[in-house]
Amino acid sequence: DQQVKQNSPSLSVQEGRISILNCDYTNSMFDYFLWYKKYPAEGPTFLISISSIKDKNEDGRFTVFLNKSAKHLSLHIVPSQPGDSAVYFCAASFTGTYKYIFGTGTRLKVLA
Amino acid sequence: GAVVSQHPSWVICKSGTSVKIECRSLDFQATTMFWYRQFPKQSLMLMATSNEGSKATYEQGVEKDKFLINHASLTLSTLTVTSAHPEDSSFYICSARVTGTSSYNEQFFGPGTRLTVL
């Protein structure tokens, strides 16, 4: 069963606008969440993360929000740039294991 | 920044042969490395956790006799796909955790290896 889901397989956004990528999880034991960006035939690159004790973390244009009661997190990119076009994966982890359970991915296309 | 390499970047082999994929941490030591596989347009699925000097821990449903993992040093883990078949064709990605850190963020991914079994 897919413990981490990204229900939108794709998203198109105009340059300069906000991109919002969503992620849902089922296991309440997850206590750390990460977002990765991935290009075809390359490994994922880290973007931003959040601990379950927080509900928001911000780094430049990227902000991650965590709603534990809803088991939902989102990544906001503002303003969106054409170079942000890629597949975005959310990942969840358990304390001490450092194993990542990845979501299904959302392909973001930022239109110039 | 921390760099993880994989070799080869792509490989084509005949059905029934074995293929070895290397994962190296180039500028840091990694006691723990992870192996993932990704099917086209799908998620990265964790296959196993590789710990230096000990046996790998495999995820449920992953055949340990088919996917042999060896983590002989703090900078190298290898994944050997034994008796490969076309259904093993996939994109294999490793990641490495910086030794001694408790941070979740100190894990870095390799560029991946595309395996095609004919």
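So the sequence lines, in the order shown, correspond to chains V and E.
When the letters of the first sequence are read in order and numbered with the numbering used here, they come out as residues 286 to 397.
When the letters of the second sequence are read in order and numbered with the numbering used here, they come out as residues 13 to 130.
Backbone N, C-alpha and C define an ideal beta-carbon position, used for all residues, glycine too.
In this text, all values refer to a predicted model and were calculated from it rather than measured experimentally.
Alpha-carbon spacing of residue i relative to residue j, whole angstroms
i: residue 293(V); j: residue 307(V); result: 8 Å
i: residue 128(E); j: residue 53(E); result: 16 Å
i: residue 82(E); j: residue 61(E); result: 11 Å
i: residue 348(V); j: residue 75(E); result: 39 Å
i: residue 340(V); j: residue 298(V); result: 25 Å
i: residue 65(E); j: residue 381(V); result: 19 Å
i: residue 309(V); j: residue 318(V); result: 11 Å
i: residue 110(E); j: residue 119(E); result: 6 Å
i: residue 288(V); j: residue 311(V); result: 5 Å
i: residue 24(E); j: residue 130(E); result: 7 Å
i: residue 379(V); j: residue 93(E); result: 28 Å
i: residue 376(V); j: residue 34(E); result: 24 Å
i: residue 364(V); j: residue 88(E); result: 40 Å
i: residue 28(E); j: residue 100(E); result: 11 Å
i: residue 355(V); j: residue 343(V); result: 20 Å
i: residue 59(E); j: residue 22(E); result: 19 Å
i: residue 86(E); j: residue 384(V); result: 18 Å
i: residue 302(V); j: residue 108(E); result: 35 Å
i: residue 97(E); j: residue 331(V); result: 32 Å
i: residue 67(E); j: residue 84(E); result: 10 Å
Extent of the continuous beta strand (DSSP E) to which residue i belongs
i: residue 117(E); result: Premise fails: residue 117(E) is in no beta strand (DSSP E) and is neither H nor E.
i: residue 323(V); result: 317-323
i: residue 394(V); result: 391-396
i: residue 405(V); result: Here chain V comprises residues numbered 286 to 397, so residue 405(V) is not present and cannot be evaluated.
i: residue 16(E); result: 16-19
i: residue 90(E); result: 88-93
i: residue 84(E); result: 79-85
i: residue 297(V); result: 295-299
i: residue 23(E); result: 22-25
i: residue 313(V); result: Neither: residue 313(V) is in no beta strand (DSSP E) and is coded neither H nor E.
i: residue 30(E); result: No beta strand (DSSP E) contains residue 30(E), which DSSP labels as neither H nor E.
Strand pairing of residue i, partner residues [DSSP]
i: residue 68(E); result: According to DSSP, residue 68(E) bridges with nothing at all.
i: residue 57(E); result: 49(E)
i: residue 103(E); result: 50(E), 126(E)
i: residue 371(V); result: 393(V)
i: residue 37(E); result: 16(E)
i: residue 337(V); result: DSSP lists no partner for residue 337(V).
i: residue 379(V); result: DSSP output for residue 379(V) lists no bridge partner at all.
i: residue 357(V); result: 309(V), 352(V)
CB contact check: residue i to chain C, cutoff 9 Å
i: residue 343(V); result: Of the chains in the structure shown, none is chain C; the protein chains are V and E.
The segment 31-42 of chain E touching the segment 323-337 of chain V, judged by at least three CB pairs closer than 8 Å
no
On the three-pair Cβ rule with 8 Å, is the segment 383-395 of chain V touching the segment 355-372 of chain V?
yes
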